[in-house]
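Listed in order, the protein sequences are those of chains A and B. So the first sequence is numbered by my numbering: it starts at 72 and just counts up by one. So the second sequence is numbered by my numbering: it starts at 72 and just counts up by one. Every residue gets a Cβ at the ideal spot worked out from N, C-alpha and C, and that includes glycine.
There are 2 protein chains.
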Amino acid sequence: MNPTWSVDPQLDRPPSRQLADQILDAVASDAFGPGSKLPSVRDLAALVLINPNTVSRAYRDLEAMGVVKGRSGSGVFVTEKGPALAAAARGEETLRLFEEAARAALRAGHAMETLAERLKSLRARKRDREATR
Amino acid sequence: MNPTWSVDPQLDRPPSRQLADQILDAVASDAFGPGSKLPSVRDLAALVLINPNTVSRAYRDLEAMGVVKGRSGSGVFVTEKGPALAAAARGEETLRLFEEAARAALRAGHAMETLAERLKSLRARKRDREATR
DNA sequence: CCCACCGTACTAGGACGATAGTACGGTCGA
DNA sequence: TCGACCGTACTATCGTCCTAGTACGGTGGG
């Protein structure tokens, strides 16, 4: 089954990139191993309620990264190095954004302890989710 | 003196909102108290290298929030409730973005400890900056 | 009183991304 | 073989945001 993918057109980050991010996460976490077939452009568009062209663009970007290879007629497949590339790309990006967000929160007056607490409470909620699986 | 304001047109967040965020931070942290005069539209545009219209839009958005009041002919001034409103708005927003970024980093496979360490190292760097002031 | 500076408004243009609709050729199972 | 499904490509249109240039009237110090 697909991870719970979704796209919010309200956010600053463009839909095509939101989708690409989530696919990268899924590939990086081995939800799709090398050779796996990703959802078709049309199916995925219907699933997250965006235009097929937008999905196609996300796939094209991922292909440019070497994570994925589209085979005309049959589908889009994870490459051999896909998981490694995805993990590297997302690891770097998310860590950068995390630091950026932390800095902004500090700049806005939040105490370091507040952020540390929030982080801990995320861990608790994550444990809850995993326990109920 | 102005805080070190800057705008990066490359980022996803539009320049006008980047600027508004930074002004909110400055007002929230009492760098500009009630009644303070903010830089003129033209000066600020020259400072951060964007169009005066873009600065004007940021001011208009802040005025809609009640943080600021533009007086035609004389300048843009922080309102009485400005600091409180700015603190509330930025506090909520930055905390939300922080949690979102933390969740994304965890989703991408980072360990909770990695994030906690990064957070601590930010504190260290922040102390360094404050020590050299 | 004046003139420099202020916020504000307006038009026009361009960049970018999403959307809509259509079309073409490849693939593969029934 | 044939038809359903696939990726891909293309054009056109829309909305949002920034840029550019111009203009107007209010404000306030010299």
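About 12 Å separates the CB atoms of V149 of chain B and P110 of chain B; that is not less than 8 Å, and the two are not in contact. Using a Cβ-Cβ cut-off of 8 Å, R128 of chain A does not count as an interface residue toward chain B, since no Cβ of chain B sits closer than that to its own. Around K152 of chain A, the same chain offers G137 as residues with beta carbons nearer than 7 Å, after the five sequence neighbours per side are excluded. Counting only unbroken stretches of 3 or more residues, the beta strand (DSSP E) elements lying wholly within the stretch 126-172 of chain A are 139-142 and 146-149, in sequence order.
When 8 Å is used as the limit between beta carbons, T165 of chain A is near these residues of chain B: A172, A175, A176, R178, A179 and H181, in chain order. When Cβ-Cβ separations below 8 Å define contact, A158 of chain B makes contact with chain A. Counted as a single uninterrupted DSSP element, the stretch harbouring S77 of chain B is not any alpha helix (DSSP H), since DSSP gives it neither H nor E. The criterion of a C-beta distance shorter than 8 Å is not satisfied by L177 of chain B and A129 of chain B.
Annotation: Cβ neighbours of G162 of chain B in chain A (cutoff 9 Å, chain order): A176, A179, G180 and H181. Inclusion of S100 of chain A and G180 of chain B in the CB contact set at 8 Å is warranted, their separation being smaller than that value.
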